[in-house]
Structure formats: C-alpha cells, structure tokens
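So the sequence lines, in the order shown, correspond to chains A and B. Those letters in the first sequence? Residues 57 to 598, by this note's numbering. Those letters in the second sequence? Residues 27 to 448, by this note's numbering. C-beta: ideal position from N, C-alpha, C; glycine also. Input: a single structure, listed below in structure tokens.
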Amino acid sequence: MILELKNGRVYDPANGINGERHSLYIRNGRLCRPPHRPANQSRDLRGLVVMPGGIDAHTHLAGGKANLGRILMHEDHRDHAVAAGPLTRPGSGTILPSAALAGYRYAALGYTACFEPAMLPANARLTHLEFADVPIIDKGCYVMLGNDDVYLKTLAGARRPGAAVADYVAWMVAATRARAVKIVNPGGINAFKYNQRKLDLDEANRGYGLTPRHILTELARAVAELGLPHPLHIHGCNLGAANSAATTLATINALEGIPAHLTHLQFHAYGKEGKRGFSPAGDRLAEAVNATQGLSIDVGQIMFGNTLTASGDTMHQYATRGHARPRRVVCMDLECEAGCGVLPFRYREASFVNALQWAIGLQLYLLIDDPWRIFMTTDHPNGAPFTAYPRLIRLLMDREFREEQLAAIHPEAAAMSGLKGLTREYSLYEIAIITRAGPARGLGLTDHGHLGPGAFANIVAYRPHKNYERMFSEPEYVYKNGQLVARRGHILAVPTGGLIEALPGGGNMPGRTLERRFNASHAGCARNFPISNDELAEIYAQ
Amino acid sequence: MPERTHTCPFCALLCDDLRIAAGARPRPHTRCHLARDGYGRARLNLRPQIDGNPVSMDTACRKAARLLARAKRPLYGGLATDVAGMRAAVRLAERTDGILDHAHSATMQAQLRLLRERGWLATTLGELRHRADLLVLLGTNALSAHPRFFERIRTRTTAPASRTQPLPELVTIGRDLPLPGYAAWHIDVPPGSLGELAHALTLRIAGHATRTRRIGGVAMQVLDRLARKLARARYTVLAWEPARLTSGTQADLQIHAFCDLVEQLNHGSRAVGLALGGAHGAHTAQAVSTWLSGHPLRIGFQGGLVQADPIRFDWRRVLAGGEADVLVWISAFDGSLLPAPELLPADSLPLILLARADRPPPPTAKVYIPIGTPGIEHPGHLCRLDGMVAHYARGGLRRGIRHPAAAEVLSGIYAHLPGTQP
C-alpha cells in the first residue's frame with residue numbers, strides 16, 4: 057500500500073530541499089522512493105507548505121512535577137475542561153494539560169516527537185506511565201544527573217573517577233530508558249539541601265566540596281565518551297540571576313570544546329548593567345555560541361501571559377517563591393537525586409524584567425547565525441505553554457509584527473533590547489530547521505526530522521498565510537507514521553506513539569560499589585531500579 | 027544468581043527489600059504485621075458470581091457492562107488497585123458518566139487543599155534516610171501506618187556533613203505515641219493542640235516573645251528547648267499523618283501551622299515536611315486521576331466533560347444521598363475494605379464488586395469478580411507515600427488459582443459496553 061502526497065512545497069533541510077514542488081511516497085509508515093507503479097492512494101498537497109513533523113527537544117510534559125503543577129493550577133483545569141470527542145478522551149487545562157490533551161494539542165500543531173527534559177531517576181517509572189497516556193506523539197526523556205549523591209560521591213571518592221562515572225551514567229540511562237542526560241544547576245540542587253543558597257561555577261558545594269565546573273565537565277565528558285546521541289543537556293548555574301550571562305560565558309569556556317547543549321539559554325543571558333541592574337546579554341551569548349562549534353542551544357522564549365514554572369532547580373525556585381502568581385509554591389528535595397520547584401507565574405508586557413526576558417529570547421534567535429544549532433522552545437511551560445509556538449514563529453518570520461509587539465512592551469526594556477535594529481526574518485527553511493531538522497540532528501535521530509527515504513512518515517502540511525501564527529496554528533494535514541492523525545485541528549486517529557531511547561534493553565544489574573552507594577542513598581533497592589523490557593511493555597500496553 | 031527482593035503493597039512505604047518465600051501462603055521475612063497479614067491471607071477458590079451464582083468471567087463482565095450501560099450515574103469507589111487498574115477505572119468512568127473516589131480520599135483532602143491554596147516545602151523518604159539529622163513526628167509515631175518506618179529510614183553508612191547515627195534524632199509530639207526500642211524525646215500534647223504548639227514554635231524561632239506560660243499544656247522552657255533544637259538542626263523533617271489529625275477544618279489549620287514552622291525554619295537552616303499514611307493505593311489513585319483528567323480525586327464525568335468536586339463527589343455522601351445508581355467497588359489488597367452495610371441498600375443500588383478473594387463476597391453484591399493482588403498474583407505499579415516514586419511490584423508469588431488483575435476485569439467490562447470497537 058503506497059500513499060502519495062503530491063505537489064506540496066517541501067521544506068526538508070536535512071536533504072537540502074527548500075520549497076521545491078516535490079511528491080512524497082509512503083509505505084509501511086515510512087517514506088520511500090518513488091514507486092514504479094502508481095500509488096494506491098494519492099492526496100494532492102498543491103499550494104501547501106510541507107515539512108517533517110515538529111520535534112520539541114525540551115518540554116516538561118510528564119512526571120511528578122507535572123502532576124504537582126496540575127493541582128496548583130486547579131482554576132485553569134476547572135475553567136478549561138475539554139469534552140470527549142468520537143476518538144478523543146476528555147481532559148482539562150491549558151498550561152499543563154492532562155496527558156491526552158497534551159498529545160492531541162501537540163499533534164494538532166504538527167508535532168510528532170517531544171522530549172521531557174528533567175526526569176528524576178526515581179521518578180522514571182511515573183514519567184513513563186504518564187507518557188504512555190500521551191497519545192500520538194513519540195516521546196523521549198532526559199535523565200537528571202549531577203546533583204545525585206551517588207554521582208557526587210563517585211566524583212569525590214576517586215582521583216580519576218572517569219570510568220566509574222561512565223559506568224554510572226550508562227547504567228542510569230539504560231535503567232531509566234532515557235535518550236539523553238540532563239544536568240540542572242550542577243551541584244546546586246544538592247547544595248541547597250545543605251543550606252547553600254547560591255552556587256557559582258567555581259564555588260565548592262557544601263556537601264561534597266566539589267565545584268559546578270568539575271561536576272559539569274566530568275559529566276559532559278562521560279556523556280561524550282559514551283557516544284550518547286545527544287550531548288549533555290545543561291541547565292547552568294545561576295539561572296535567572298542578574299549577570300547570569302557571565303556565568304554562562306564562563307561555563308562555555310569551562311567545557312573547553314566538549315560537545316554540549318545549553319538549554320533555555322534566555323534565562324541565562326542577563327547582564328547587570330543599567331540603573332535597574334538588569335540588562336540584556338543575548339548579543340554576547342549569541343557571539344559565544346556562534347564562535348563555539350560543538351555547542352547547540354534551545355532558547356526557552358518567554359511569551360506574555362499566565363503560565364507555571366516547573367523546574368528541577370529547587371535552589372532557584374525557592375529563591376523566586378515570592379514572585380509566584382497566584383501565591384502557591386511547591387518545592388521538594390527528591391530522593392538524594394535532585395529536587396523540584398513548581399510556581400505559577402505571570403509574564404507581563406508592562407514589567408521591565410519580563411519585557412527584557414522576552415526581548416533577550418528574540419535576540420538569541422535573531423543573532424545566532426547557524427539555525428542548525430538553535431532549537432525553538434519555550435521550555436514549556438516555564439516560558440509559555442507550547443501552544444504559543446505559532447505566535448513565536450510569527451515573531452521570528454514577520455519583522456513588522458515583531459516591532460508592533462516591541463512597541464507594546466515596557467519602553468525602557470524595548471529601548472535597551474536593541475531589537476528594533478534587528479531586521480532578520482526567519483525563512484520557512486530556517487523555521488523547518490529550528491523546529492524539526494536541527495533538533496533531530498542534535499538528538500541523533502536518523503529517521504525523524506526529515507523526509508528522505510527511510511524516514512518515519514511524520515509529515516505536516518500547512519496552508520500558507522501571511523499571518524504566520526495562523527498558518528502554523530492549524531496545519532491542513534498531520535501524518536504520523538504515514539497515518540493521517542489531524543486535519544485543521546481535529547484529531548482523526550489516535551495511534552500510540554513510540555519511546556525513543558538511547559540504550560534500549562533496560563541495562564544490567566549494577567556493580568557492587570554502585571549498588572552499595574545507591575542503596576545507601578535511596579529508600580529503594582538498586583536491583584529493583586532498572587525498568588526491564590517486560591515492565592516497559594506493560595507500562596506502554598494500551 | 028542475584029536475588030531480587032519483593033515490593034510489598036500493603037502500606038504506602040512500598041518496602042522493596044522483602045525476601046518472600048513463594049507458595050500457597052507467601053511468607054515474607056519480616057515482623058511487619060501488615061506484610062505478614064497481607065501476604066499470608068488465604069486465597070479462596072472463588073469464581074465470579076451473579077446474585078451469588080457462579081458464572082464465567084465473561085458472563086460476569088457482560089452483566090456488569092449491561093448494568094453500567096443502563097446506569098445514569100455510576101460511582102466507582104474503593105479504587106484500591108494499581109496504576110493499570112486505576113487507568114482502566116478512569117476509562118470506564120469516562121464512558122459511563124461515572125464518579126470516581128478512593129475509599130480513603132477523605133484523609134487526603136487536607137493535603138490537597140494545602141497544595142491548591144498554598145503549596146509546601148516537602149521531601150521524600152530517601153532524603154529523610156540520608157540527610158535528615160532531626161525528625162519531628164507530630165501526632166503520630168508513624169508505626170501504625172508504617173510498621174517498618176524506622177527500619178526503612180535507618181542507614182548503615184553515615185552521610186557526609188549530616189549525622190553520625192543510623193537514625194536522625196527523634197522527637198514525637200502528641201499523645202500515646204510509644205516508640206519502643208528507639209531513643210526519642212516525647213512531648214505530651216493533646217492532639218487538638220498540635221497546631222497551636224507549632225505556631226508557638228514558629229514565633230519563638232522567629233524571635234518573638236510571648237507572655238504565655240504554657241501552650242497545649244507544654245511549659246515554655248520545654249518549648250524553648252525544642253525551638254533551639256529545631257533551629258540548630260541542619261536538615262529537619264517534620265512529619266505528620268493527615269488521617270490522625272482531627273478532621274475537618276482543624277486538620278487544615280494544623281497542617282498550615284506545621285508548614286508555617288517549616289517555612290520559618292528555612293530562614294536559617296533547611297527543613298521540609300512529609301505526610302505519612304495513604305494505604306490501599308490512595309496515592310496511586312490520586313496520581314493517575316491527576317495526569318489523566320487534570321484533577322486529583324474526587325472527580326466525575328458527565329456528558330464527556332470532567333469535573334472535580336471534593337464535596338459533591340465524596341463517595342460516602344454520594345451513597346448516603348442516593349445519588350448513584352450503580353456502585354463499582356474495587357479492592358485488590360484487602361477484601362474487607364468495603365462500604366459500611368448501611369451505605370449499601372442492595373435493592374436500589376446494584377453493587378459490582380471486584381475484590382481480593384480472601385473472603386466470600388457479601389450477599390449484597392449483584393456481580394462479584396475475584397481479583398488478584400498487585401505484587402502477589404500479578405505485577406503492578408504502585409505510588410509511594412511521597413508522591414514522586416512508583417515501584418513495580420513484580421508478583422509471581424503464587425501458584426495455582428489465577429485471579430485476574432483489576433485492570434483486566436475492568437477492560438473486559440469496557441469491551442462489552444455497547445459501542446465499544448473490538
């Protein structure tokens with residue numbers, strides 16, 4: 057059975073196709089070469105912009121803190137209940153939607169793969185169980201290491217811990233069925249448990265006497281040497297601090313060329329100039345990113361409105377608790393691995409700081425030269441819910457619209473931001489890179505994010521419109537593995553998405569030292585920790 | 027061959043270090059009475075029944091499906107099951123305009139209100155075990171809910187910069203809280219005064235003077251000694267058991283006072299809260315309800331939309347008010363967990379009972395289906411009391427009679443609803 061999607065204007069940057077009229081052929085859920093005989097089915101995509109399915113490389117979709125967030129945002133869930141449809145389940149919430157709604161909304165936007173970036177190892181089972189209830193999209197997760205007592209003990213306990221660290225990382229990635237490794241505020245979440253309230257790159261963590269520089273670089277090296285498909289995904293020190301940019305630049309230097317991914321860079325791009333002691337440094341960071349080939353980033357753009365911040369960075373979230381709107385905050389120290397902090401938040405145009413944050417994100421998009429090394433994210437929901445993506449695309453593609461928005465924000469922030477002078481407009485080709493091809497490459501996904509033969513047939517067709525927000529809000533057709541799943545916002549099929557892991561198989565039993573350390577710091581046994589293939593099959597059984 | 031230990035499902039600690047001898051009555055190698063009782067019960071050779079007459083599983087499921095298809099407002103109660111069972115229950119409720127509430131959700135309401143109104147600073151068992159140098163138990167000794175609590179938080183190695191003993195320093199505040207075999211400082215306070223005491227401690231630690239000589243019967247010198255101990259500790263865990271606090275608004279006020287104290291302590295040091303209890307899968311049911319519907323229990327589906335209402339959808343109120351027309355009750359861990367007989371008028375409220383086969387079903391059950399226990403007959407995922415960790419209880423501990431999992435039965439009922447695609 058061959059499906060032909062013909063005459064679309066295809067944007068497939070991984071294969072160098074830039075808007076040419078091109079027909080696609082699908083067999084058994086994958087793209088294939090043009091067949092010798094006519095296709096069984098054909099759909100004419102004449103006039104439509106065709107891209108691979110979107111890939112969100114950093115979205116807080118599932119796990120314990122998502123559930124905490126849902127409870128905190130109960131008004132949002134009460135006020136935004138969605139009825140069941142012929143194929144869809146009921147649900148609620150616009151900021152942290154219930155599991156099924158998250159899947160439908162992502163699919164309706166044309167996304168076909170999403171990655172949860174902050175999976176606590178002890179929470180891995182719950183993350184996968186919740187993932188299994190997110191329909192349609194493929195999922196993956198990044199396991200959080202670097203603040204866990206086992207890792208820090210390993211690092212502190214040996215003069216040359218390289219091999220032990222590599223073994224530990226490999227075991228953790230396999231056991232938790234992760235795609236990548238994440239580090240959040242290196243050593244800082246752990247330090248907060250010892251009553252340290254800040255931790256700079258070269259400051260010693262109170263519990264172990266290790267610096268974030270050391271903690272971070274060892275982990276980045278281990279990830280690189282293990283050959284994991286994505287480099288260490290880094291949420292750096294001093295997130296959100298005025299002058300966080302200085303820390304970020306120092307962090308880039310500290311990596312000394314080890315491949316790395318800096319996440320939600322916007323939150324780490326602040327200077328301390330000006331009478332308010334808060335200034336944009338997106339230009340300086342863009343320069344550093346441009347100069348550092350082994351570095352990829354995602355932006356973590358903020359968009360004005362209500363949202364919720366949910367992060368593993370307890371140190372920062374606790375310090376920010378006074379800014380929660382509404383005033384509810386949950387912070388947890390978690391199982392000798394990490395922590396979490398969940399705070400509802402409002403970003404306002406009239407706030408100098410929020411307006412600058414918005415502008416800084418755009419600075420990063422507009423000043424980083426290589427679109428292959430920058431992924432479009434809002435760090436859902438921290439900067440904004442993912443449903444803001446179409447509007448963000450419009451900001452990047454439509455300078456006039458951008459300037460209209462600039463005129464509506466706090467005037468001092470607008471003036472400081474330097475945005476007025478930035479005339480760059482993203483092309484469709486570049487949007488396709490930052491929302492699909494680039495993340496696929498960065499995550500080592502060979503069969504996603506492109507439309508060449510062999511790729512999964514995750515294909516989206518948009519009706520062009522001069523209002524790019526409208527264009528990207530409701531694709532005409534969304535195909536997942538060759539099946540039509542959405543049309544103009546309506547869900548037409550609800551297949552189960554797949555899990556994208558780095559080291560399939562569930563891993564081995566832990567070695568003796570690792571087992572001893574794990575058992576000493578958890579309230580649970582190392583031998584029961586890895587998720588086996590049988591268990592995974594049961595988690596994802598429908 | 028390395029030995030795998032088992033995860034016990036009989037309280038929300040989910041101890042996963044148990045060695046268990048398999049057999050007709052699995053024997054766990056522990057003194058914990060909840061585990062011994064839980065594993066060791068007889069498993070009766072019961073078959074599904076309709077009106078007390080044995081039928082096949084398929085017939086029972088079809089009958090249940092017919093009852094649910096005709097019902098306008100089924101209540102899904104008990105919900106003492108694993109993640110898969112709860113998923114299946116929610117799916118059924120979505121299709122049948124059902125209300126969902128867990129048998130023990132009353133004890134979880136105060137904590138849910140805390141989250142909705144204010145949030146809190148909290149911790150998990152691993153942190154208590156590895157890092158806490160002071161544990162203050164308010165209104166509980168933890169043992170009745172969790173007999174192995176202190177065994178589980180004892181460490182054999184010392185944690186860096188933390189403490190030099192296997193257990194944190196222990197303080198119990200309340201009445202009748204024996205801790206045999208453990209050195210603990212006990213401060214006698216009537217249960218109703220716990221909040222007042224916590225509030226006074228908060229004020230003292232913040233440096234405020236007070237003219238009162240006693241709070242909750244406790245002399246100010248004792249209070250001050252405790253305040254100094256709290257302020258000096260490096261990582262304090264304040265633990266309470268919502269089910270043991272006085273009910274209604276008193277529990278809320280007390281918990282808020284405990285959280286105020288936690289917050290005050292974090293000005294100078296580190297402190298966190300921990301809520302104990304939650305048996306029979308209460309935490310599992312809450313977690314699954316929240317990610318599937320967007321709301322924790324208590325929820326109801328109507329016309330394809332979900333609503334959350336902690337008052338209207340309280341299962342006892344629903345039954346007492348005659349608001350349900352069918353009751354589906356799920357109790358996989360303990361066949362005796364049932365609504366009180368006076369809440370079950372058999373003539374007007376058909377009961378579809380899925381329960382562990384450790385006793386004959388009550389005569390009030392219209393449809394009875396014996397189910398297995400997660401972690402004994404079949405594997406299952408269960409959520410621990412601290413809300414962040416799930417364990418996979420592998421099961422496979424019994425040979426012979428195989429009762430299906432709740433998830434299997436509920437899916438079987440779903441499959442027989444009119445309109446379900448094969």
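Quick check on residue i - is its C-beta less than 8 Å from some C-beta in chain B?
i: Ser612 of chain A; result: The question about residue 612 of chain A has no answer, for chain A in this structure spans 57 to 598.
i: Asp135 of chain A; result: no
i: Glu591 of chain A; result: yes
i: Glu530 of chain A; result: no
i: Gly120 of chain A; result: yes
i: Gly368 of chain A; result: no
i: Gly149 of chain A; result: yes
Please check the pair residue i and residue j, which I expect to be a contact at CB under 8 Å, by giving their CB distance rounded to whole angstroms.
i: Gly125 of chain A; j: Ala325 of chain A; result: About 25 Å separates the two Cβ atoms, so there is no contact after all.
i: Val279 of chain A; j: Ala174 of chain A; result: Val279 of chain A to Ala174 of chain A, Cβ: 16 Å. No contact.
i: Arg99 of chain B; j: Ala350 of chain B; result: 5 Å
i: Phe327 of chain B; j: Pro146 of chain A; result: 6 Å
i: Tyr264 of chain A; j: Ala212 of chain A; result: 5 Å
i: Gly110 of chain A; j: Leu165 of chain A; result: 7 Å
i: Leu201 of chain A; j: Met228 of chain A; result: 6 Å
For residue i and chain A, any beta-carbon pair shorter than 8 Å?
i: Thr272 of chain B; result: no
i: Tyr440 of chain B; result: no
i: Leu141 of chain B; result: yes
i: Leu279 of chain B; result: no
i: Tyr394 of chain B; result: no
i: Ala97 of chain B; result: no
i: Leu353 of chain B; result: no
i: His405 of chain B; result: Looking at the sequence shown, residue 405 of chain B is not His but Pro. True, the Cβ-Cβ gap to chain A drops below 8 Å.
i: Pro444 of chain B; result: no
i: Phe327 of chain B; result: yes
Check each candidate in the options and name the one with the smallest Cα separation from residue i.
i: Tyr81 of chain A; options: A:Thr319, A:Pro69, A:Leu101; result: A:Leu101
i: His291 of chain A; options: A:Pro586, A:Ala415, A:Asp369; result: A:Asp369
i: Ala415 of chain A; options: A:Ala470, A:Met129, A:Arg568, A:Ile487; result: A:Ala470
i: Asn96 of chain A; options: A:Asn84, A:Thr304, A:Gly103; result: A:Asn84
i: Pro388 of chain B; options: B:Phe327, B:Ala115, B:Ser362; result: B:Ser362
i: Pro336 of chain B; options: B:Ala136, B:Leu105, B:Ala38, B:Arg57; result: B:Ala136
i: Tyr403 of chain A; options: A:Ala440, A:Ala158, A:Arg377; result: A:Ala440
i: Asp382 of chain B; options: B:Pro74, B:Leu169, B:Leu44; result: Inspection of the sequence shows that residue 382 of chain B is occupied by Arg rather than by Asp. Per the Cα distances, B:Pro74.
i: Pro367 of chain B; options: B:Arg342, B:Gly299, B:Ala253, B:Ile356; result: B:Arg342
i: Pro371 of chain B; options: B:Ala269, B:Lys392, B:Asp123; result: B:Lys392
i: Phe528 of chain A; options: A:Ser577, A:Asp426, A:Ala444, A:Ala406; result: A:Ala444
i: Arg93 of chain A; options: A:Met565, A:Leu452, A:Glu60; result: A:Glu60
i: Arg8 of chain B; options: B:Tyr65, B:Ser219, B:His59; result: What the structure shows of chain B is the stretch from 27 to 448, and residue 8 of chain B is not part of that stretch, so it cannot be assessed.
i: Leu163 of chain B; options: B:Gly104, B:Thr181, B:Thr228, B:Thr262; result: B:Thr262
i: Ser357 of chain B; options: B:Arg117, B:Pro80, B:Asp127, B:Ala283; result: B:Asp127
Whose Cβ in chain B lies nearer than 8 Å to the Cβ of residue i?
i: Gly200 of chain A; result: It is worth fixing the name first, because residue 200 of chain A is Met in this sequence and not Gly. The contacting residues do not exist; Met200 of chain A stays about 12 Å from chain B at best.
i: Asp189 of chain A; result: Arg113, Trp317, Leu318
i: Glu459 of chain A; result: Near Glu459 of chain A there are no residues of chain B at all, since even the closest Cβ is about 38 Å away, more than 8 Å.
i: Ala178 of chain A; result: Thr150, Gly152, Met414, Val415
Would you mind telling me which residues of chain A sit closer than 9 Å to residue i, beta carbon to beta carbon, in chain order?
i: His417 of chain B; result: Arg181, Gly580, Asn584
i: Ser295 of chain B; result: Asn251
i: Arg155 of chain B; result: Cys392, Ala576, Ser577, His578, Ala579
i: Val162 of chain B; result: The premise fails here: Val162 of chain B is roughly 16 Å from chain A at the closest Cβ pair, so nothing lies under 9 Å.
List, in order along the chain, the chain B residues whose C-beta lies closer than 7 Å to that of residue i?
i: Cys387 of chain A; result: Leu147
i: Arg145 of chain A; result: Glu120
i: Asn123 of chain A; result: Ala313, Thr316, Trp317
i: Arg126 of chain A; result: Thr316, Gly320
If the cut is a Cβ gap below 9 Å, which residues of chain B does residue i touch?
i: Pro153 of chain A; result: Gly320
Every unbroken alpha helix (DSSP H) inside the region 235–323 of chain B [4 residues or more]
246–258, 275–294, 308–319
Enumerate, from N- to C-terminal direction, the unbroken beta strand (DSSP E) stretches of 3 or more residues contained entirely within the region 327–356 of chain A.
351–354
Report the start-end ranges of each alpha helix (DSSP H) in the region 446–511 of chain A that is 4 residues or longer and not cut off at the edges.
455–463, 467–473, 484–488, 494–498
Considering only residues of the region 210–298 of chain A, which uninterrupted alpha helix (DSSP H) runs meet the minimum length of 4 residues and lie entirely inside it, listed in chain order?
218–232, 244–249, 268–281
For a minimum of 3 consecutive residues, which ranges assigned as the beta strand (DSSP E) are wholly contained in the region 367–405 of chain B?
377–382, 391–397
If we require 4 or more residues per run, which alpha helix (DSSP H) segments fall completely within the region 80–124 of chain B?
83–96, 109–122
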